[in-house]
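> Residues -20 to -1, 1 to 439, numbered by mature numbering (1 follows the signal peptide of the UniProt record, and there is no 0), are exactly what the sequence shown covers, in order. We treat Cβ as the ideally placed atom computed from N, Cα and C, and that holds for glycine. Just so you know, these numbers come straight off a predicted model, no measurement behind them. One structure is given below, represented as structure tokens, and several questions about it will come after.
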Amino acid sequence: MTNSTPTIAWICLAAIQVEAAAALLEDARQDTSPPQPDNLKVYVGTIGLAHVVVFHTLTSLSIADVETRVETITPHLQTLQAVVITGRIAQQSPDACPGDLFISPSSQVANGPDASARKDLVQCALRVLHGETGDDGSWLSTNHPQSESPASVIGERDTANSPRLHYLQDFDQVKRFRVLDEAGLRFWDNKSPTVVVLGIDDVESSGRDLLVPNAALNTASYAKELIQLMADPSVREIPTLEGTEKVVPAPPAPQLPPFPLHQYPTHGNEVLLVIPTENDSKKAIIRECIGERNPTGLKVHTITVPVESNAGEQPYNKAGALGAYHRVSNALARLHGAEFAAVFAQNRIGTVMAVSIENYIQTQDVDRPADFAIGVVHNATTNRTGACASRGVTLPPEYVRRARRFGNDGDEDHGKITVGQVLAARVPGLDKANWHAVLAGCSRYDLLKEALRGMPIPW
């Protein structure tokens, strides 16, 4: 079997979905070759490296029928490798909301010389996509370019609520939804592994014809991404990354905006050190490298005040320094809440400081992307600030491009998916937070400690 250009069948169980699927095809054309029943719509095109045939029918259809039809339409292509089915169901449980997806592969594949390889094609694509994005479906809208969005066909997308992805390992769970039975879809004698992607509607009955816009958009978007991965040869190969990258010098310490002025209650001369993250590794490093460097006789109390960085899950370029700045600024603003009054009084606080660490990927003005960290410590009582940058670790640009493909939080440098997640999805056992140790032989945490130990602290 040639893995580079697989042929994938995409069966849409709702009319609105076939229009969405056709809108996502490249070089799309409607197939009108005979025999062409009036109730059957067929589109042919490509998604990434895959040849795709999209079906919608109002009558009973078996996977074997689809396989035969694909061979008739595309005799010049290789045999059908997989089937993706998109459909809709009513809301099934409180944990699943309209716009969410249920995803499950079928293990019902007839024996054949390449049956195992075909199943592997589907399983690898599912494993990688699940590993990259987890259960978060906020990236789904990135598959619909604003300039050529199928929104005119299937409605405006709702970005207020992020959809969730519910992966079902047992295909019988999907069959219990009855949507496949109602569509007359038959699975016997099929040679091709099948993935079912069901968008959750908010109607009480699964017998209605129309999907809510979000469900149609999300199922089509997920199917497109999965098909692209099925056609990507690298998905079925575990890359050899150990020792392939290097440690590079630190950039200059960042220039930060001035912090807002704060006035807190004064009850003594002890220091309150605020750590604006719940990341256990970062908290330990800050306590070791900052909290234990206090001048003789100065007592330091540390508290955790988790806040957002306002820079996305994966900051890039200048968003790294701004993310560290925002964590400090947001944490200091929260200290004015009534719940912290007792902290100031009981610990005899006279000085308030906050420390932040933010990793980021530098892609601009460098020969190769690299992960660095920014450290910021601000004394809110004296309004003085110290900052530093760590040495970095380079990484393959194709994984950066892959992470950025999943979109951003309103700024191109505020990524939704970390590069570490993408790497760990391709390399089983790799730590998504400390891939540096494998790729360059140097722990991320050692680099953070090194940088913070050299950072000036404005006690």
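Rounded to a whole number of angstroms, what is the C-alpha to C-alpha distance between Leu5 and Gly25?
Rounded to whole angstroms, Leu5 to Gly25 spans 5 Å at the Cα level.
> Can you tell me whether His36 is buried or exposed, with buried defined as 16 or more other CB within 10 angstroms of its CB?
Buried, because 16 or more other Cβ atoms sit within 10 Å of the Cβ of His36.
> Which residues does DSSP pair with Gly67 in a beta bridge?
Answer is Leu178.
> Taking the alpha-carbon of Ala(-12) as reference, which of Leu178, Cys77, Tyr23 has the nearest alpha-carbon?
For Ala(-12), the nearest C-alpha among the options comes from Tyr23.
> Taking C-beta to C-beta, are Ser142 and Arg406 nearer than 9 Å?
Cβ atoms of Ser142 and Arg406: not closer than 9 Å.
> Suppose contacts are defined by Cβ-Cβ distances below 9 Å. Is Gly303 in contact with Ile266 by that definition?
Not a contact, by the Cβ cut-off of 9 Å.
> What is the rounded straight-line gap between the Cα of Gln344 and the Cα of Asn297?
Approximately 7 Å between the Cα atoms of the pair.
> Under the DSSP definition of a beta bridge, which residues are partnered with Gln344?
In the DSSP output, where bridge partners are listed per residue, Gln344 has none listed.
> To the nearest angstrom, report how far apart Pro376 and Ser423 are at their CA atoms.
Going from the Cα of Pro376 to the Cα of Ser423 covers about 17 Å.
> Using only CA atoms, which one of Val332, Leu236, Leu252, Lys262 lies nearest to Gln243?
Residue Val332 is the option with its Cα nearest to Gln243.
> Go to Pro377, then tell me how far its alpha helix (DSSP H) extends in each direction, as first and last residue.
377 to 385 is the extent of the alpha helix (DSSP H) around Pro377.
> Could you please give the first and the last residue of the uninterrupted beta strand (DSSP E) stretch that includes Gly372?
Where Gly372 is concerned, the enclosing beta strand (DSSP E) stretches over 372 to 374.
> What is the DSSP secondary structure of Tyr244, counted as helix, strand or coil?
Note: Tyr244 maps to coil in three-state DSSP.
> Evaluate the contact criterion for the segment 235 to 252 versus the segment 393 to 403: three or more CB pairs, one atom per stretch, below 8 Å.
Taking 8 Å as the limit for Cβ pairs, the verdict is that the segment 393 to 403 does not touch the segment 235 to 252.
> Going by alpha carbons, who is nearest to Ile27 out of Glu319, Val46, Ala2?
The option with the nearest alpha carbon to Ile27 is Ala2.
> Do you know whose CA, among Ile207, Val356, Leu278, Ser118, lies nearest Gly248's CA?
Nearest of Ile207, Val356, Leu278, Ser118 to Gly248, Cα basis: Leu278.
> Check for me: the beta strand (DSSP E) holding Gly303 runs from which residue to which?
Here Gly303 belongs to no beta strand (DSSP E); instead the alpha helix (DSSP H) covers 299 to 314.
> Taking C-alpha atoms, which residue in Gln61, Asp152, Ala62, Ile180 lies nearest to Leu117?
Reading the sequence as shown, one finds Gly at residue 117 and not Leu. Gly117 has its Cα closest to that of Ile180, out of Gln61, Asp152, Ala62, Ile180.
> With Glu(-2) as the anchor, note down where its alpha helix (DSSP H) starts and where it stops.
Per DSSP, Glu(-2) belongs to the alpha helix (DSSP H) from -6 to 4.
> Leaving out five residues before and five after Ser129 in sequence, what residues of the same chain have Cβ atoms less than 6 Å from its Cβ?
Its pLDDT being 37, under 50, Ser129 is placed unreliably by the model, and the measurement read from it follows with that caveat. So the list is empty, once near-sequence residues are dropped.
> In this structure, does DSSP put Val285 in helix, strand or coil?
Reduced to three states, the DSSP call for Val285 is coil.
> What span of residues does the alpha helix (DSSP H) with Gly400 cover, start to end?
Looking at the DSSP string, the run of the alpha helix (DSSP H) that includes Gly400 is 399 to 406.
> Just verifying my parser: in three-state terms, what is the DSSP assignment at Gln326?
It is helical.
> Where does Ala233 fall in DSSP's three states?
Looking at Ala233 - three-state DSSP - the assignment turns out to be coil, as it is neither helix nor strand.
> Give me the Cβ distance between residue 440 and Asn327, rounded to the nearest whole Å; I'm assuming they're in contact under 8 Å.
Residue 440 is absent from the model: the chain starts at -20 and stops at 439.
> Using 8 Å for Cβ pairs, my map puts Pro85 next to Phe151. What's the rounded Cβ distance?
The pair is a contact, with the Cβ atoms about 7 Å apart (cut-off 8 Å).
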